[in-house]
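All remarks here apply to the structure that follows.
Protein chains in written order, with the working numbering: chain A, 1 to 114; chain B, 1001 to 1110.
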């Protein structure tokens, strides 16, 4: 399968714990995006990378959130000191080059905070 | 599996009929639009895209229409099948990111 891969698919943790998600984009896609989706809503942009450079961060991305893409391939999204409001689906998408190319999504990581 | 969009607008169609899903966008400067299909427990799946220099684009069983005058986008699905049941989102490119519209749940009944 050569699509976008996200791990884990589900994560259940207690409030206050740290969690880390991984995204493997489609090979040779140099742009990688993170979105968050809550029930009944469309995905909301969090941040994106072009190669290893993080180019934009949403105001939704508080100081507790950090994303990396160290070698321009896979990316990680870490949430520190999780809160109940962090419960959501975290989606990753990738695209090749220009903004007018479709973004292809993974199946997300479902985070549940107890 | 978990449902996506429990309180979304819903379109119910009979199998074999054509479906039309509508979307309004807000930014008149947007020049690229995408329709996505999202099934329960999965990520959005690309269906079809259209650039602002076009007003119609056709794919396999799907057609997207763009009316820039009223900032309206529609997705037409021909001969709707049970496998088309999902939540559909339109999205516009704003800057370097996608802005998603309110989804529509499509239900296909026999």
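The beta-carbon is built from N, C-alpha and C at its ideal position, and this holds for glycine as well.
task = Tell me whether residue 1105 of chain B is buried or exposed, calling it buried when 16 or more other Cβ atoms sit within 10 Å of its Cβ.
result = Sixteen is the threshold: when 16 or more other Cβ atoms of the shown chains lie within 10 Å of the Cβ of residue 1105 of chain B, as they do, the residue is buried.
request  = Note the first and the last residue of the continuous beta strand (DSSP E) segment covering residue 1036 of chain B.
outcome  = First-last of the beta strand (DSSP E) with residue 1036 of chain B: 1032-1038.
task = Determine the chain A residues that contact residue 1051 of chain B at a beta-carbon separation under 7 angstroms, and present them in chain order.
result = Neighbours of residue 1051 of chain B in chain A, taken as residues whose beta carbon is under 7 angstroms from its own, are 100 in chain order.
inquiry  = For residue 89 of chain A, count the other beta carbons within 10 Å of its own beta carbon; 16 or more makes it buried, fewer makes it exposed. Which is it?
reply    = With 16 or more other Cβ atoms inside 10 Å of its own Cβ, residue 89 of chain A counts as buried.
message = Please return the same chain residues whose Cβ sits closer than 6 angstroms to the Cβ of residue 1004 of chain B, not counting the five positions on each side in sequence.
response = With a pLDDT of 40 at residue 1004 of chain B, under the threshold of 50, the modelled position of this residue cannot be trusted, and the question is left open.
request  = Specify, as a first and last residue, the run of the beta strand (DSSP E) that residue 1088 of chain B falls within.
outcome  = Looking at the DSSP string, the run of the beta strand (DSSP E) that includes residue 1088 of chain B is 1086-1094.
ask   = Where does the unbroken beta strand (DSSP E) through residue 1024 of chain B begin, and where does it stop?
value = For residue 1024 of chain B, the uninterrupted beta strand (DSSP E) run begins and ends at 1019-1024, by DSSP.
inquiry  = Would residue 1072 of chain B and residue 1027 of chain B qualify as a contact pair, given that the criterion is a beta-carbon distance under 8 angstroms?
reply    = No, the pair does not count as a contact, with Cβ atoms beyond the cut-off.
request  = With a threshold of 16 other CB atoms inside 10 Å of the CB of residue 12 of chain A, please say whether the residue is buried or exposed.
outcome  = With fewer than 16 Cβ atoms within 10 Å of its Cβ, residue 12 of chain A is classed as exposed.
task = Take the Cβ of residue 10 of chain A as the centre, count every other Cβ of all protein chains shown within 10 Å, and call the residue buried at 16 or more, exposed below.
result = By the 10 Å Cβ count, residue 10 of chain A comes out exposed.
message = 8 angstroms is my cut-off, CB to CB: does residue 33 of chain A come that close to chain B?
response = Chain B contact via Cβ: present.
key: Closer than 8 angstroms to chain B by CB, residue 91 of chain A   = Yes, residue 91 of chain A lies at the interface with chain B (some Cβ there is under 8 angstroms from its Cβ).
query = Out of curiosity, what's the CA-to-CA distance linking residue 1017 of chain B and residue 1063 of chain B?
reply = Using only the alpha carbons, I get a separation of about 14 angstroms.
Residue 19 of chain A beta carbon less than 8 angstroms from that of residue 192 of chain A = The question about residue 192 of chain A has no answer, for chain A in this structure spans 1 to 114.
request  = Under the assumption that residue 978 of chain B contacts residue 1020 of chain B (Cβ atoms under 8 angstroms), give the Cβ distance between them as a whole number of angstroms.
outcome  = Lying before the first or after the last residue shown, residue 978 of chain B is absent from chain B, which here runs from 1001 to 1110.
inquiry  = I want to see whether chain B comes within less than 8 angstroms of residue 11 of chain A, judged by CB atoms only; does it?
reply    = Answer no: the Cβ-Cβ gap between residue 11 of chain A and chain B never drops below 8 angstroms.
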